[in-house]
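With full-length UniProt numbering, the residue at position 20 of the sequence shown is 20, and numbering never jumps.
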Amino acid sequence: MRQILVTGALGQIGAELVTALRERYGAERVVASDLKQFSPLDGVYERLDCTQPQMIADVMRRREIGAVYHLAALLSAVAEKRPQSAWNVNMGGTYNLLEAAREFACQLFFPSSIAAFGPSTPRERTPQMTIQRPTTIYGVTKVAGELLGDYYARRLGVDVRGLRLPGLISYGAKLGGGTTDYAVEMFQSVVRDKRYSCFLAADARLDMMYMPDAVRAMIQLMEADATRLKYRNAYNVTAMSITPAELAAEIRKHAPHFTVDYRVDPLRQSIADSWPQSLDASAAREDWGFFPRFDLAAMTRDMLVRLRATAP
Ligand code: NAD
Ligand code: AKB
């Protein structure tokens, strides 16, 4: 049985995806990888820089990899500060992993983002197929990754699949420098000091999803019947369309003394202003049965229970 490789496995998604994959397919079948020499996670781990094709080929061969979840990337706000590195890691890494998938006949998962859209895209109920003219380097690498994935699927027969993920909310998170990180930071502040200074405006509406739904969607898409997939890269998915003020109000139902003030960061606000406010996920629902279990109320309840259980 061939193994499953996760790149960027020590990030916000990877840490939870690796656990879920090991529960589902067996611990010994899942190889976590990232830039660090050693992993804080249990289980099989490889140091792997996705910009280095030789390192990738070595791991693919030695570990007999049959599927890759390629998560390594620089997120939107970090990428905007280091555009050259973002291109090298996000674009170079995706190209290298697509090439490896072709050479070793592997399945490949590519996580696109709401960032693949831009200010000229319809912002409400953003369709599956629409204008994609992002204005961030992160978004440019996501659109290019989607197109390259489609090309490898159609022209070179590689089994590439992808999701356009919204902002993800999780409790075990080590955050990577995204624009939607405010939501995770707000939750972390509830259990720490009961107040939060938000870097986005109170009314900055964006799509969000709770991590358990995102992880389930990734695995479900990778297991879906290929003949039912009308789109390869990438399916719109979402669970809720919320503003910082709405999230704060929901949190206050459980923590009445929690306060939020708004000190807007112009860079991240301008990124948020260029993204959709709500995605149309009907194609994912129809083609492979996507259905999120957590809405704003259920996600908030679960996040607070888990954060309070682990608070010092
Ligand atoms: P993250 O920043 O938390 O983790 C990314 C990981 O990639 C880090 O552990 C980092 O060390 C690693 N990395 C960076 N450069 C690398 C390199 N050259 N080689 C190998 N590893 C490298 O990101 P995340 O939130 O876990 O996101 C994972 C993927 O999902 C990214 O492609 C991201 O664009 C996409 N995505 C995330 C979200 C979200 O809200 N978290 C939303 C949409 C899409
Ligand atoms: C970010 O904010 O950069 C990510 C994303 C939505 O792609 N969370």
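Even glycine gets a Cβ: it sits at the ideal position worked out from N, Cα and C.
Exposure of residue i, with buried meaning 16 or more beta-carbon neighbours within 10 Å
{"i": "GLY178", "result": "buried"}
{"i": "MET60", "result": "buried"}
{"i": "PRO40", "result": "exposed"}
{"i": "PHE291", "result": "exposed"}
{"i": "GLU223", "result": "exposed"}
{"i": "LEU156", "result": "exposed"}
{"i": "ASP261", "result": "exposed"}
{"i": "THR180", "result": "buried"}
{"i": "GLN52", "result": "exposed"}
{"i": "SER282", "result": "exposed"}
Identity of the residue in the options nearest residue i by Cα
{"i": "ARG2", "options": "ALA9, GLY14, THR19 and VAL31", "result": "VAL31"}
{"i": "residue 339", "options": "SER33, THR19 and ASP34", "result": "A question about residue 339 goes unanswered here, because the residues of the chain that appear run from 1 up to 312."}
{"i": "GLY162", "options": "PHE290, GLU146 and ILE242", "result": "GLU146"}
{"i": "VAL89", "options": "ARG102, LEU98, GLU99 and ALA72", "result": "ALA72"}
{"i": "THR126", "options": "ARG62, GLN277 and ARG24", "result": "GLN277"}
{"i": "ALA248", "options": "ALA204, ARG293, GLY289 and THR51", "result": "ALA204"}
{"i": "GLU23", "options": "GLN37, ILE4 and SER85", "result": "ILE4"}
{"i": "CYS50", "options": "GLY92, ARG29 and ARG62", "result": "GLY92"}
{"i": "ASP302", "options": "PRO256, GLU250 and SER270", "result": "GLU250"}
{"i": "PHE110", "options": "THR94, ARG29 and ARG123", "result": "THR94"}
{"i": "VAL264", "options": "TRP87, TYR182 and SER170", "result": "TYR182"}
{"i": "GLY167", "options": "LEU21, ARG192, THR135 and MET209", "result": "MET209"}
{"i": "THR310", "options": "GLY11, VAL6, GLN188 and TYR45", "result": "GLN188"}
{"i": "LEU35", "options": "ARG29, GLY11, ILE114 and ASP207", "result": "GLY11"}
{"i": "PRO244", "options": "ARG285, ILE169 and PRO312", "result": "ILE169"}
Residue i, DSSP secondary structure in three states
{"i": "ASP58", "result": "helix"}
{"i": "GLY14", "result": "helix"}
{"i": "LEU175", "result": "coil"}
{"i": "GLY139", "result": "helix"}
{"i": "THR180", "result": "coil"}
{"i": "GLN269", "result": "helix"}
{"i": "ALA32", "result": "strand"}
{"i": "GLN107", "result": "strand"}
{"i": "GLN128", "result": "coil"}
{"i": "GLU64", "result": "coil"}
{"i": "GLN277", "result": "coil"}
{"i": "VAL6", "result": "strand"}
{"i": "SER120", "result": "coil"}
{"i": "residue 318", "result": "Beyond the ends of the chain as shown, which are 1 and 312, falls residue 318; an answer cannot be given."}
{"i": "VAL160", "result": "strand"}
{"i": "THR259", "result": "strand"}
{"i": "ASP207", "result": "strand"}
{"i": "ASN88", "result": "helix"}
{"i": "LEU165", "result": "strand"}
Inter-residue CB distance, residue i and residue j (contact presumed, cutoff 8 Å)
{"i": "HIS70", "j": "LEU17", "result": "Not quite, the Cβ-Cβ distance comes to about 11 Å (not below 8 Å), so this is no contact."}
{"i": "ARG268", "j": "PHE199", "result": "5 Å"}
{"i": "VAL190", "j": "PHE258", "result": "5 Å"}
{"i": "GLN54", "j": "ARG47", "result": "Contact doesn't hold; Cβ gap of about 13 Å is too wide."}
{"i": "MET240", "j": "ASP295", "result": "6 Å"}
For the region 139 to 146 against the region 205 to 222, do three or more pairs of beta-carbon atoms, one drawn from each stretch, fall closer than 8 Å, so that the two count as touching? no
Given 8 Å, three or more beta-carbon pairs between the region 118 to 127 and the region 53 to 70: no
Using 8 Å as the threshold, is the region 71 to 78 in touch with the region 127 to 135, meaning 3 or more CB pairs across them? no
Between the region 229 to 238 and the region 172 to 191, are three or more C-beta pairs nearer than 8 Å? no
Quick check: the region 148 to 166 against the region 91 to 99, are there 3 or more CB pairs under 8 Å? yes
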